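Numbering (the working numbering), first residue to last: 3 to 181.
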């Protein structure tokens with residue numbers, strides 16, 4: 003079975019939604035939630051850990067093009083094998099099919115940029131791990147990567163829609179009884 007490529011390779015000093023940015027530095031504050039912000043600790047210093055993560059851009063391309071944002075919204079993207087290392091329950095049979103069909107909120111699968119026919123090389127986008135990074139930093143990082151992968155249409159729109167679905171869910175206190 004031949005799979006249409008999800009990705010196109012680009013080498014330009016621009017950012018777009020769906021840009022795959024490996025090796026981004028992401029600051030993560032470390033603090034004790036039981037003591038942070040209490041009156042006794044109003045001047046508490048917070049340690050920051052810097053992680054190197056593979057990210058994908060979520061911010062709309064039109065906002066990036068028109069420089070309407072100072073921060074770029076990104077989330078993590080990993081190989082299935084890397085994701086399973088920290089989330090072993092996903093190594094069980096059938097779990098990735100649940101993700102593929104949208105039954106597990108917050109996760110989205112994208113075909114491998116280099117080997118789309120091999121689903122074991124697919125990429126997992128985790129919409130539950132979102133970061134906001136300065137526009138200038140993300141642009142500089144993307145430009146320094148040189149050639150990088152960018153989602154192409156209609157896979158970009160499907161990716162964007164999956165992200166939107168996570169946030170547009172509405173839980174009702176009750177509903178009409180099932181038929």
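Cβ coordinates follow ideal geometry from the N, Cα and C atoms, glycine included. In this text, all values refer to a predicted model and were calculated from it rather than measured experimentally.
Would a C-beta distance cut-off of 9 Å place residue i and residue j closer than the cut-off?
| i | j | result |
| --- | --- | --- |
| residue 140 | residue 64 | no |
| residue 115 | residue 125 | yes |
| residue 111 | residue 153 | no |
| residue 29 | residue 51 | yes |
| residue 67 | residue 22 | no |
| residue 7 | residue 118 | yes |
| residue 121 | residue 98 | yes |
| residue 86 | residue 93 | yes |
Using the C-alpha atoms, what's the distance from residue j back to residue i?
| i | j | result |
| --- | --- | --- |
| residue 196 | residue 96 | With the chain covering only 3 through 181, there is no way to say anything about residue 196. |
| residue 33 | residue 11 | 39 Å |
| residue 59 | residue 134 | 10 Å |
| residue 176 | residue 109 | 26 Å |
| residue 14 | residue 138 | 15 Å |
| residue 17 | residue 91 | 34 Å |
| residue 149 | residue 9 | 12 Å |
Which residue wins for smallest C-alpha separation from residue i, given the options the options?
| i | options | result |
| --- | --- | --- |
| residue 104 | 122, 114 and 129 | 129 |
| residue 132 | 84, 73, 152 and 112 | 73 |
| residue 31 | 158, 48, 7 and 70 | 48 |
| residue 186 | 36, 20 and 80 | Here the chain comprises residues numbered 3 to 181, so residue 186 is not present and cannot be evaluated. |
| residue 107 | 4, 170 and 178 | 170 |
| residue 123 | 84, 145, 4 and 173 | 84 |
| residue 54 | 179, 61 and 143 | 143 |
Spell out the partners DSSP gives residue i in its beta bridges.
| i | result |
| --- | --- |
| residue 64 | Residue 64 is not bridged to any residue. |
| residue 73 | 136 |
| residue 126 | 80 and 111 |
Let's see if you can read the secondary structure: which residues bound the beta strand (DSSP E) around residue i?
| i | result |
| --- | --- |
| residue 11 | 9-12 |
| residue 58 | 49-59 |
| residue 150 | 150-153 |
| residue 32 | 21-32 |
In the DSSP assignment, find the unbroken alpha helix (DSSP H) run with residue i in it and report its ends.
| i | result |
| --- | --- |
| residue 165 | 157-169 |
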